[in-house]
C-alpha cells in the first residue's frame, strides 16, 4: 500500500512539474509573439496617447531648459516624428506624454511598453540591436576624453594608474573597461549615473578625465563655470552613430521614423537644427558649444541610413 502511495505521489509531482513547465513555455511563447507583432502605431491609435522617452541632461541632444521643457537637437527629431504620427493616424489632438529615461533603464522601459520611442544620444550597435530597433541615424560621434586644459593627459595612454569617470550604461563604459583590461592600465574607473554627474566628478578632481562621445563632452564643457579651462583630447576609440530607438519587429513605425528623419536631413532642415544647437547660444545659460559639422555628418545628411558606424 505504501509503495502504491509513493508511486502515486511521484506521478503527481511529475505531472505538476510538467504542467508548470508547460505554463512557463506558454508565457515565453506569448512574450515572443508580442515582440514579433509589435505595432506601435496601433497601440497609439487605441490609447490616444504617444509616450516619448527623453534624456534629462544630454546637452545639446535632449535635456531640460530653464522652464523644464525638453529641448535639443534630438528632441527636434522627436517632435517631427510625433507630428508625422498625428498626420498618419489623422489624430491632430493626440496626447503626447514625455517620460524621462536614463542610460540604464531606457531599453527595459522600451521593451515593456512604458514608452514608444526615444531620440536622445543612444548608440546603434550590434549588441543593442538584439534588444531594440533603430531608426536612420541622427548623429555620428567619436569617443574621446574631456580633461583639464594644460594638464598631463593628452591621450588614452596617459590614463594608466589614474581615476577616470564614465557614464554608467554607455558604450564608452564598455570600451573603457575593455581598454583597461587589454592593456593592463590599472585605471580606477568611476561609473556615474549621468553625464552631469560624470562632469562634476571630473570638476571636483575625483577623476582626471571623463570619457564619452565628443559631442556630449562639448556639451558638458559648455555648461562648466569656466569652459576655457577644459579641452577634448585623445584618439577616438570608436565612431558611433546615434539613432532613435523603437521596439523590434515594427516595420510600419520604423518606416515612418526613417522617412521623417530622411526628409529632415535631405531638405536641409536638420542642418539648421545642428547650427542652432551646436553653434549658437542655447539654454539654459546661453552657452555655445562651438562644435563644427563633421564630414561624417555631412555624408549622413546627404545619404540618410541606419548603418552602424565603425
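In the numbering used here, the protein residues as written are 711 to 1020.
Backbone N, C-alpha and C fix where the C-beta goes; we use that ideal spot for every residue, glycine too.
In this text, all values refer to a predicted model and were calculated from it rather than measured experimentally.
Inset, instruction - Give, in chain order, every unbroken run of the alpha helix (DSSP H) that is at least 4 residues long and sits entirely within the stretch 889 to 934. - result: 905 to 913, 924 to 933
Inset, instruction - Whole angstroms is fine: what's the gap from residue 1008's alpha carbon to residue 969's? - result: 18 Å
Inset, instruction - Give the secondary structure of residue 795 by DSSP, where H, G and I count as helix, E and B as strand, and everything else as coil. - result: helix
Legend entry - For residue 1001, the three-state DSSP class (helix, strand or coil): coil
Inset, instruction - Scan the stretch 947 to 1011 and note each continuous beta strand (DSSP E) run of 3 residues or more that stays entirely inside, going in chain order. - result: 949 to 956
Legend entry - Under the three-state DSSP convention, the category residue 770 falls into: coil
Inset, instruction - Would you check if the distance between the CB atom of residue 820 and the CB atom of residue 754 is smaller than 9 Å? - result: no
Legend entry - Residues sharing a beta bridge with residue 828, DSSP: 763, 955
Inset, instruction - Report all residues from its chain with a CB closer than 8 Å to the CB of residue 938; omit the five preceding and five following residues, and keep chain order. - result: 859
Inset, instruction - Could you spell out where the beta strand (DSSP E) holding residue 877 opens and where it closes? - result: 873 to 877
Inset, instruction - Give the single residue among 995, 975, 999 whose Cα lies nearest to the Cα of residue 986. - result: 999
Inset, instruction - List the endpoints of the continuous beta strand (DSSP E) containing residue 812. - result: Segment: none, residue 812 is in no beta strand (DSSP E) and carries neither H nor E.
Legend entry - Short Cβ contact (9 Å threshold) for residue 832 with residue 952: yes
Inset, instruction - Can you tell me which of 765, 905, 891, 1003 puts its alpha carbon nearest to the alpha carbon of residue 932? - result: 905
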